[in-house]
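Numbering (my numbering), first residue to last: 4 to 191. Virtual Cβ for every residue (Gly too), placed ideally from N, Cα, C. A quick write-up on the structure given underneath.
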Amino acid sequence: QNRRGAGLAGARIQPLILFSVSMNTLHLIYGPQGAGKSTRAGELARIHRALPLAIDDWMGPLFGPDLPRPMDLAWVMARVQRCESRIWLTAEAALRAGCAVVLDLGFMKRAQREAAAARASAAGLAVQWHFVDAPLALRRERVARRNTQRGATFAFEVTPAMFDFMESQYEPPSAEERARAIVLESAS
Numbered sequence: 004q005n006r007r008g009a010g011l012a013g014a015r016i017q018p019l020i021l022f023s024v025s026m027n028t029l030h031l032i033y034g035p036q037g038a039g040k041s042t043r044a045g046e047l048a049r050i051h052r053a054l055p056l057a058i059d060d061w062m063g064p065l066f067g068p069d070l071p072r073p074m075d076l077a078w079v080m081a082r083v084q085r086c087e088s089r090i091w092l093t094a095e096a097a098l099r100a101g102c103a104v105v106l107d108l109g110f111m112k113r114a115q116r117e118a119a120a121a122r123a124s125a126a127g128l129a130v131q132w133h134f135v136d137a138p139l140a141l142r143r144e145r146v147a148r149r150n151t152q153r154g155a156t157f158a159f160e161v162t163p164a165m166f167d168f169m170e171s172q173y174e175p176p177s178a179e180e181r182a183r184a185i186v187l188e189s190a191s
């Protein structure tokens, strides 16, 4: 059961979910908004006793109250980049100390995923990718419910316009990316 109450009972999961990983594995989560990335990140953190690091946990409390109206994308992205830089440094320090890390930065674009893979490789980190997906209508429903319920995975309100914009920015994984990831596809 995920924290939003929708559950993952109808999800199709590749068979190697509970495999042996080293204590200092970097788990990288990606997928479109509303697919269940935050829920999956929390599950992985519990399973692997890992440090969860999510962009939403940083952006909302640090910058949410100061968000300009109307929203200024350049303003937001400058702060996202600052947070991501600090999150990566924190993740690398935790991994060097022997702690597994679950990194939930969205990784909406292929270039972001490639940069993350290159950074992890350059640092000699063990990586496990996790791709989380769900049908568009279900994702819209989940985001609307999260906005209303403001439960454990709520960080800030995602308006329909924001959802549509982010949806236009999302780049689905290539066959190669899917092949190297544990895939969670939720149907309900």
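Following the continuous alpha helix (DSSP H) through residue i, name the residue where it begins and the one where it ends.
i	result
V83	76 to 99
D60	58 to 66
E188	Per DSSP, E188 belongs to no alpha helix (DSSP H); it is in the beta strand (DSSP E), 184 to 188.
L139	139 to 152
T42	40 to 51
D107	Segment 104 to 107 is the beta strand (DSSP E) holding D107; no alpha helix (DSSP H) there.
Q172	163 to 172
Among the options, which has the Cα closest to the Cα of residue i?
i	options	result
L139	R116, E170, R122, G127	E170
R82	A96, G63, L92, A121	G63
T156	L31, T28, L29, E46	E46
W61	Q84, S191, A96	Q84
A96	T42, R153, A53	A53
K40	I50, A57, D167	A57
W91	P163, F168, Q152, L31	L31
D59	I50, M80, H51	M80
Report, in whole angstroms, the separation of the C-beta atoms of residue i and residue j, which I expect to be a contact under 8 Å.
i	j	result
N27	A126	Contact doesn't hold; Cβ gap of about 11 Å is too wide.
I185	Q131	7 Å
Along the chain, where does the beta strand (DSSP E) that runs through residue i open and close?
i	result
V130	129 to 136
Y33	28 to 33
CB-CB under 8 Å to residue i, same chain, minus the five flanking residues each way: which ones, in chain order?
i	result
L65	R82, C86
E180	R113, R116, W132, F134
A94	L29, L54, L56, V104, L106
If I measure Cβ to Cβ from residue i and keep anything under 7 Å in the same chain, skipping five residues before and after, which residues do I get?
i	result
L98	N27, L29, V104, L128
F166	Q36, R143, V146
Once the 5 residues before and after residue i are set aside, which same chain residues still bring their CB inside 6 Å of it?
i	result
V161	V146
P55	A44, A48, V105
R183	W132
W78	P71
H51	A103
query: With contact counted as at least three CB pairs below 8 Å, one residue from each stretch, are the region 161 to 175 and the region 102 to 114 in contact?
result: Yes, the region 161 to 175 is in contact with the region 102 to 114.
Discussion item. Whether or not the region 131 to 151 and the region 73 to 83 are in contact is what I'm after, with contact meaning three or more pairs of Cβ atoms, one per stretch, closer than 8 Å; do they touch?
Written reply: no
Item to complete: Answer yes if the region 114 to 128 comes into contact with the region 35 to 43, meaning at least three C-beta pairs across the two stretches below 8 Å, and no otherwise.
Response: no
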